[in-house]
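Numbering (the numbering used here), first residue to last: 471 to 960.
As structure tokens, the structure follows; a few thoughts come after it.
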């Protein structure tokens, strides 16, 4: 052990005089030094030795002379003894990242490049730790998942969340194809946003391949991705405004007509006629359970097309939601029923009653369930899943299963051939479009119709104005006979 350095008496006298002038002694000085050392150790400014007495930090070197906010050092506890970068942030946890090299010169170069990136983010008000696109999507979806609620208007539905997830999957595929997957989001060129909608336009669809992606669908994807950057990445300081991709939307022609296809009245009559035949209801070689499922689906179609209810509203409706209207005549009470759409199952978040001629349909539906030993209690769903393992449980049929059955009956009835010729696609929701169109053609009051379907007069006028024009030829031409006679004599 080397001998201690010689004592400088002059310095000791100066220090003693200073302590005396402040009313302190040598013990106070030692306590102060110890407290300062402890504070620095807690702040990470004085590396603590490991269990063997070897310091964790070795070969510490500032990146730039005169600047003490960043340095490189070796981590002596790692086998490779690679260099690390440490950048101090005022009032925050220091930024520390491995430089993946034991070479000093290479570490200085890498450290300075990374330092410029980190300081740039700090100066822009961003978080020092960057995200790649995949991590941003994961964090954003995690935050959106917290908003899922079964109550309308109280958050987002599980279906909406699934749509968001689909849009962002397209964005990730686009980023992957552009070979930008590993690049931090703030380093992705802003022009990429303008390329995105045109790239989607050129992609092959996974379903309904005969039709390209519509401009409305592509624009919806753009809006969702843009929302992720602005409402999450920007607000959480993962990126600054000037680094967000410059997104561009495709132009859409101002067409407010309804976008869903529907069956003609003749096609609907043909379909319902087929669903009454033994070929559909009692096919040879089919089990009793399958025959029961076909009966239930037939009643679903007839009830859906006579109420105009949304598919999810019917799927969540129970037998306790069905009433006889006390204001109806005895004759009407044999045919009509009131069906309640509860607020928690309504798209608008408001409950309503549907008045529809479905009494006999409901009676047949009840018999179909009772034939296989299933109850129809007030708390039971109207359209319960009748598979053997679920008969004792109150589980509604899912829309995917009903969609497959719809595709089958369209094919078996021969209607699908007509749909293919006219490039139409019939889905479960088409029932609502068919109902509104038929009611308007038959002169139903638009205000009463809006209440029955749980929509607004403005929406009906905007999306079904063509039906109102087509159905009012007599009113439109009223008084024109006189004008015509004058023209003929002119």
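For glycine and all other residues, C-beta sits at the position ideal for the given N, C-alpha and C.
Keep in mind it's a predicted model, so treat the numbers as computed, not measured.
Would residue i and residue j be called neighbours here (beta carbons separated by less than 8 Å)?
i           : j           : result
residue 795 : residue 787 : no
residue 553 : residue 571 : yes
residue 838 : residue 769 : yes
residue 895 : residue 731 : yes
residue 698 : residue 610 : yes
residue 634 : residue 694 : yes
residue 588 : residue 557 : yes
residue 582 : residue 569 : no
residue 549 : residue 604 : no
residue 718 : residue 663 : yes
residue 836 : residue 846 : yes
residue 692 : residue 715 : no
residue 533 : residue 606 : no
residue 626 : residue 737 : no
residue 842 : residue 759 : yes
Beta strand (DSSP E) containing residue i: first to last residue?
i           : result
residue 531 : 527-532
residue 554 : 553-557
residue 568 : 565-568
residue 822 : 822-826
residue 540 : 540-545
Do you know whose CA, among the options, lies nearest residue i's CA?
i           : options               : result
residue 798 : 837, 531, 808 and 782 : 808
residue 821 : 779, 548, 672 and 667 : 779
residue 898 : 874, 585 and 813      : 874
residue 734 : 762, 911, 535 and 929 : 911
residue 868 : 785, 819, 765 and 925 : 785
residue 647 : 893, 665 and 632      : 665
residue 790 : 675, 636, 884 and 849 : 849
residue 675 : 712, 637 and 701      : 637
residue 740 : 879, 577, 859 and 711 : 879
residue 687 : 721, 907, 756 and 852 : 721
residue 882 : 903, 844 and 748      : 748
residue 863 : 851, 586 and 560      : 851
residue 541 : 567, 551 and 681      : 567
If you follow the alpha helix (DSSP H) that residue i is in, where does it begin and where does it stop?
i           : result
residue 922 : 916-923
residue 758 : 758-777
residue 784 : 781-785
residue 907 : 900-911
residue 802 : 800-803
residue 650 : Careful: residue 650 lies outside any alpha helix (DSSP H) and carries neither H nor E.
residue 714 : Counting along the chain, residue 714 falls outside any alpha helix (DSSP H), and DSSP gives it neither H nor E.
residue 887 : 885-891
So, for residue i: in the same chain, excluding its five sequence neighbours on each side, which residues have a beta-carbon less than 7 Å away from its beta-carbon?
i           : result
residue 865 : 854 and 855
residue 709 : 596, 655, 656, 699 and 703
residue 792 : 807, 809 and 832
residue 888 : 737
If you run the structure through DSSP and keep just helix, strand and coil, what is residue i?
i           : result
residue 838 : helix
residue 808 : strand
residue 722 : coil
residue 624 : coil
residue 867 : coil
residue 579 : helix
residue 933 : helix
residue 662 : helix
residue 746 : coil
residue 655 : helix
residue 875 : helix
residue 456 : Residue 456 lies beyond the range of the chain shown here (471 to 960); nothing can be said about it.
residue 851 : strand
residue 523 : Here the model assigns residue 523 a pLDDT of 45, short of 50, so the residue's position is not dependable, and the following value carries that caveat. In this structure, residue 523 counts as coil in the three-state DSSP scheme.
residue 574 : helix
residue 734 : coil
residue 793 : strand
residue 602 : coil
residue 607 : helix
residue 709 : coil
residue 788 : strand
residue 618 : strand
residue 644 : helix
residue 613 : helix
residue 688 : helix
Who are the Cβ neighbours of residue i in its own chain at under 6 Å, not counting the five residues just before and after it?
i           : result
residue 901 : 774 and 775
residue 814 : 621
residue 564 : 556 and 558
residue 619 : 625
residue 772 : 831
Closer than 8 Å by C-beta to residue i: which residues in its own chain qualify, once you throw out the five before and the five after it? Chain order, please.
i           : result
residue 819 : 621, 622, 623, 624 and 813
residue 811 : 779, 783, 787, 791, 821, 822, 823, 824 and 924
residue 803 : 794, 795 and 829
residue 751 : 745, 761, 764, 765 and 768
residue 926 : 920
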